[in-house]
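Just so you know, we're using the working numbering here: the sequence shown kicks off at 7 and counts up by one.
Note that beta-carbon positions come from the ideal geometry of N, C-alpha and C, so glycine has one too.
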Amino acid sequence: VGLTSYLLIGFWFEKRGPQLACKKAFVMNRIGDAGFLIGFGILFYQLGGKLLLPAAGGASGMVEGQVVTMFEAIKTLIEQDGHSITNPPLWLTAAGIGLFFGAIGKSAQFPLHTWLPDAMEGPTPVSSIVHSATMVAAGVYLTGRIYPILTPAAHVFVAVIGLITLVIAACMALVMTDIKRVLAYSTLSQLGYMILGLGAGAYAFALFHLVTHAFFKCCLFQCSGSVINAAHHEQDMRQYGGLGKKLPVTMACYLVCTLAIAGASIPWTEFGISGFYSKDGIIAGTVSYGHALHDTFGAAANLFWLAPTVVAYITVFYMARSFALTFLGKPRNQKLFDHAHEAPWTMCVPQIVLAAMAILTAPFLMGFWQSLIVASEPQVAWIQGADHLAHGHAMHTTHVYLLNGLAWIIMLAAGIILYIPGMKFSSKIAAIPGINLLYTWAYNKFYFDALYDTFVVGLGKLISMIAAVFDKYIVDGIVNLVALLGKAAAFLAGAFDIHLIDGSVNAAAAAAHSSGGLLRATHAGRVRGYVLIFFASAVLVVLAVVTTVIMFGA
C-alpha cells in the first residue's frame, strides 16, 4: 500500500512537487513502520511459543491443541506475572504504543501528519480513493484491531495524538485556499476524530465514522476534481465563484457531503445523516472519557470533549467556506467562469452514488453498529474494564445534541454569508492584530515543515557532511597514507634492489670481466712472450726470496 501511494503521488514525475511529495510520504510512513515493528517485536518476544495452531483436520505436521488467540495469551500471561486490569505490565503498554505508531504514519497523525496534504500533488482520483477513503483508513483499522491490548496509559497516548491532530488540522483547513488542501486537512481532522474515539473508548463509533467518512470525503474529492477539471486545473478557490450555475450536479453532491461531514440533523432529535451519528457518538464517548480522567488530569481532562466539540463547529465553517467560495456568489475570474462546464456523466454518476451513500449509510448500518457495540463490550472489558468506556452510553445526552445539533445550522450559515463575496470580509478579519498572528501560523501549517527541514533534514545533512569529511580526511586519509607508505616502501625496495643487490652483482661481473681482460692480454699465442713472462716471473720470485732473507735474516 505504501508503494502504491508513493507511485500514485508521484504520477506526474516530471514535476518537482510530486517528486518531493512522494518521497516525503514514503519516508514518513517508514518512520511509523519502524515503531510498528518494534511493538510487533515486543509481542513476539513475550508471546513466542505460547500460541498453538489448530489440528486442521489432522494434517501431518500441524501441532494439535487448543487454539489460543493473542488476546487470550496476553490475558493469561499478565495474570501469571501477577498483573491485573488496573496494573498492566509496562511491556504491554510499550507494545500497544509501538503498534500504534504504524497508525500514526499510515493515517497521518501528529507528528507525522505533514505528508498527507502534500500527497494532493497526485491526481484527484488518487486523492479521492487512496488518500481520503481507503489507505489512510488502514491506521484507524489497525488501532481498532489492537484495541483489546491497549492499556489505560496507551489509551491516553492514542487519545492525545488524535486530539492534537484534529485541532491543528481543522485550524489549517480554515485558512487554506487550495480546494484539495482544504479537503486534505479536513481528512486529517476527521482521522483525528477517529483516533480520539478509539483512545476515548468509543471505538465502535470511531469505526462507524471510518465508514461514513469514506463515502462523503471520497465524494467531496470527486466533486473537487470536477471543479478543477471545469476550471482548467485551477485549484485556488479565490479564482472561483458562481460555479454552481455551471456545475449544478457537482454543487448538489458537494452540498450533501458538506452536510454529512457537518453532522446535519434535525435539532433536538435523533434524526440526521451519516456524519451526525458517527461523529456525535465519538464526542459523546469523549464526554464520558473526560469525566473518567478528571481525577487524574483535573480540569485538563475537559479538553478531551471540549476540543472536539469546538472543532465540530470549525468543521462546518470551513466546509461552508469552501462551498461558498466555489459555487456561490459572483464569478471572480470571468474567463474561467465562461469556459467552465459540468463534468461528463462518467464523473457525475460516481458523485451521485457516493452522495446517496453518504445519506443512506447511517440507516443501513446503525443496526449493525449497535449490535457490534453490544457484542464487543465483554471482549474488551477483560483488560480495560468497561467503567470509563463510552460505547454509546452518552450518545443521546441532551448537551451533545444541543452543541452539535445546532453546529451545522449556525456555522453553515456563518460560513456561507461571510464568503459569498469572496475573501473581502475574511481578509479584513485576518488582518486584525492578534488574529493575524494565528492566521499566519495556521497558513504556514504551524511551521512543521520548516521545523522538520531545520531539525530533521538539516540535522541529517549536517551528519552527512560530518560523515563525508570524516570519510574523506580520516578514512580515505588513512587509506591514502597507507598507499603512500606503500609507494615509498616500493621505491626504497626498488632502489635497494637496483643499486645495492643488482649493483653488487653487476660490480662482481664487471671485476671478473676486467680481470679477465687483463689475463686475456697475457695469452697472445706467441711462445717467446710466454718464455719472457716465465723468466720475468722467476726473477721476481728470486728477488723476493733474497730480499726477505736479507731483511729478516736466515
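Open item on the list: Check for me: the alpha helix (DSSP H) holding residue 432 runs from which residue to which?
Closed with: Counted from its first residue, the sequence shown places residue 432 at position 426. Going by DSSP, residue 432 is part of the alpha helix (DSSP H) stretching over 430–436.
Task: Whole-angstrom distance between residue 304 and residue 359, CA atom to CA atom - done: The sequence position of residue 359 within the sequence shown is 353, counting from 1. The sequence position of residue 304 within the sequence shown is 298, counting from 1. Residue 359 and residue 304 have their C-alpha atoms roughly 47 Å apart.
Open item on the list: Considering just the uninterrupted stretch of the alpha helix (DSSP H) at residue 303, what are its terminal residues?
Closed with: Counting from 1 along the sequence shown, the entry for residue 303 is found at position 297. 300–303 is the span of the alpha helix (DSSP H), which, as asked, contains residue 303.
Open item on the list: With a threshold of 8 Å between beta carbons, is residue 523 in contact with chain D?
Closed with: No chain D is present in this structure, which holds just one protein chain.
Open item on the list: I'd like to know whether the C-beta atoms of residue 606 and residue 250 end up nearer to each other than 8 Å.
Closed with: Absent from the structure is residue 606, since the part of the chain shown begins at 7 and ends at 560.
TODO: Look at the alpha carbon of residue 313 and the alpha carbon of residue 79, and state the distance between them as a whole number of angstroms.
DONE: On the sequence shown, residue 313 is found 307 positions in, with the first residue counted as 1. On the sequence shown, residue 79 is found 73 positions in, with the first residue counted as 1. Their backbone Cα atoms lie some 37 Å apart in a straight line.
- [ ] Using beta-carbon positions only, say whether residue 82 and residue 138 come within less than 8 Å of one another.
- [x] Here residue 82 corresponds to residue number 76 of the sequence shown, with the count starting at 1. Here residue 138 corresponds to residue number 132 of the sequence shown, with the count starting at 1. Pairing residue 82 with residue 138 gives a Cβ-Cβ distance that is not under 8 Å.
TODO: Report the partner residues of residue 278 according to the DSSP bridge assignment.
DONE: If you number the sequence shown from 1, residue 278 lands on position 272. Paired residues: 271.
Task: First through last residue of the alpha helix (DSSP H) which encompasses residue 115 - done: In the sequence shown, the residue the question calls residue 115 occupies position 109. According to the DSSP assignment, residue 115 belongs to no alpha helix (DSSP H), since it is labelled neither H nor E.
TODO: Give the range of the alpha helix (DSSP H) segment to which residue 470 is assigned.
DONE: Stepping through the sequence shown from its first residue, residue 470 is reached at position 464. 464–475 is the span of the alpha helix (DSSP H), which, as asked, contains residue 470.
- [ ] Specify whether the region 259–271 and the region 325–333 touch according to this definition: at least 3 beta carbon pairs, one from each stretch, less than 8 Å apart.
- [x] Enough Cβ pairs lie closer than 8 Å, so yes.
TODO: Classify residue 87 as helix, strand or coil using the three-state DSSP reduction.
DONE: Counting from 1 along the sequence shown, the entry for residue 87 is found at position 81. Correct three-state label for residue 87: coil.
TODO: Determine the closest residue to residue 454 out of 175, 26, 40, 21, with distance taken between C-alpha atoms.
DONE: Taking the first residue of the sequence shown as position 1, residue 454 is located at position 448. Of the listed residues, the one whose Cα sits closest to residue 454 is 175.
Task: Assigned exposure category for residue 182 - 16 Cβ within 10 Å defines buried - done: Here residue 182 corresponds to residue number 176 of the sequence shown, with the count starting at 1. So residue 182 ends up on the buried side.
TODO: Using DSSP bridges, identify the partner residues of residue 184.
DONE: Walking along the sequence shown from the start, residue 184 turns up at place 178. DSSP output for residue 184 lists 242 as bridge partner(s).
Open item on the list: residue 105 and residue 170 - do their beta-carbons sit closer together than 8 Å?
Closed with: In the sequence shown, counting from the first residue as 1, residue 170 sits at position 164. In the sequence shown, counting from the first residue as 1, residue 105 sits at position 99. It is not a contact, given that the beta carbons lie outside the stated cut-off.
TODO: Within the same chain, show all residues whose beta-carbon is closer than 6 Å to that of residue 426, passing over the 5 residues directly before and after it, in chain order.
DONE: Translated into positions along the sequence shown, residue 426 becomes position 420. Same-chain partners within the cutoff: 330, 334, 335.
- [ ] Excluding the 5 residues preceding and the 5 following residue 131 in the sequence, name in chain order all residues of the same chain whose CB lies nearer than 7 Å to its CB.
- [x] On the sequence shown, residue 131 is found 125 positions in, with the first residue counted as 1. Short of 7 Å from the beta carbon of residue 131, and not among the five residues preceding or following it, lie these beta carbons of its own chain, in chain order: 231.
Task: Euclidean distance between Cα positions of residue 240 and residue 122 - done: What you label residue 240 is simply residue 234 of the sequence shown in a count that begins at 1. What you label residue 122 is simply residue 116 of the sequence shown in a count that begins at 1. Roughly 20 Å between the two C-alpha positions.
Open item on the list: Checking 8 Å against the spacing of the C-beta atoms, do residue 339 and residue 245 come in under that value?
Closed with: Indexing the sequence shown from 1 puts residue 339 at position 333. Indexing the sequence shown from 1 puts residue 245 at position 239. Annotated as proximal: residue 339 and residue 245, with beta-carbon spacing under 8 Å.
- [ ] Please determine, among 534, 321, 464, the residue with the shortest C-alpha to C-alpha distance to residue 420.
- [x] Here residue 420 corresponds to residue number 414 of the sequence shown, with the count starting at 1. Of the candidates 534, 321, 464, 321 places its Cα closest to the Cα of residue 420.
TODO: Specify the secondary structure class of residue 35 as computed by DSSP and reduced to three states.
DONE: Taking the first residue of the sequence shown as 1, we reach residue 35 at position 29. Judged by DSSP in its simplified three-state form, residue 35 adopts helix.
Task: residue 336, enclosing alpha helix (DSSP H) - first and last residue - done: Residue mapping note: residue 336 aligns to position 330 of the sequence shown, counting from 1. Run containing residue 336: none; DSSP gives neither H nor E here.
Open item on the list: Short of 7 Å in beta carbon distance, which residues of its chain neighbour residue 37, apart from the five on each side in sequence? Order them along the chain.
Closed with: Position 31 of the sequence shown, counting from 1, holds the residue named residue 37. Around residue 37, the same chain offers 111, 118 as residues with beta carbons nearer than 7 Å, after the five sequence neighbours per side are excluded.
- [ ] Please work out which residues of its chain come closer than 6 Å, Cβ to Cβ, to residue 145, disregarding the five sequence neighbours upstream and downstream, and give them in chain order.
- [x] The residue given as residue 145 occupies position 139 in the sequence shown. Around residue 145: 109, 112, 113.
TODO: Kindly indicate which residue of 366, 272, 348, 202 has the alpha-carbon position closest to the one of residue 291.
DONE: Indexing the sequence shown from 1 puts residue 291 at position 285. Taking only the C-alpha atoms, the option nearest residue 291 is 202.
Open item on the list: Do residue 185 and residue 262 count as a contact pair if the criterion is CB distance below 8 Å?
Closed with: Looking up residue 262 in the sequence shown gives position 256. Looking up residue 185 in the sequence shown gives position 179. If you check the CB distance, residue 262 and residue 185 do not come in under 8 Å.
TODO: Confirm, please, whether the CB-CB distance from residue 84 to residue 45 is below 8 Å.
DONE: One-based indexing of the sequence shown puts residue 45 at position 39. One-based indexing of the sequence shown puts residue 84 at position 78. The answer is no: Cβ separation not under 8 Å.
Task: Same chain only: Cβ atoms within 8 Å of residue 17, ignoring 5 sequence neighbours per side - done: Against the sequence shown, residue 17 aligns to sequence position 11. Cβ within range, chain order: 24, 128, 129, 132.
Task: DSSP three-state assignment for residue 48, whether helix, strand or coil - done: Position 42 of the sequence shown, counting from 1, holds the residue named residue 48. Assigned with DSSP and collapsed to three states, residue 48 falls in helix.
Task: Classification of residue 310 by the beta-carbon crowding that lies within 10 angstroms, buried from 16 upward - done: The count along the sequence shown starts at 1 and reaches residue 310 at position 304. Looking at its Cβ environment, which holds 16 or more other Cβ atoms inside 10 Å, residue 310 is buried.
Task: Residues near residue 89 in its chain [Cβ-Cβ closer than 6 Å; skip 5 each side] - done: Here the question's residue 89 lines up with position 83 in the sequence shown. These residues qualify, in order along the chain: 95.
Task: Local conformation of residue 21 per DSSP, three classes - done: Indexing the sequence shown from 1 puts residue 21 at position 15. The three-state reading of DSSP puts residue 21 in coil, since its state is none of H, G, I, E or B.
- [ ] Report the three-state DSSP secondary structure of residue 450 (helix, strand or coil).
- [x] Locating residue 450 in the sequence shown gives position 444, where the first residue counts as 1. Residue 450: coil per DSSP, three-state reduction.
TODO: Provide the residue span of the alpha helix (DSSP H) that contains residue 497, from first to last.
DONE: Translated into positions along the sequence shown, residue 497 becomes position 491. Element bounds for residue 497: 482–501.
Open item on the list: Does residue 35 pass the burial test, meaning 16 or more other C-beta atoms within 10 Å, or should it be called exposed?
Closed with: In the sequence shown, counting from the first residue as 1, residue 35 sits at position 29. Classification of residue 35: buried, given that the 10 Å Cβ count is 16 or more.
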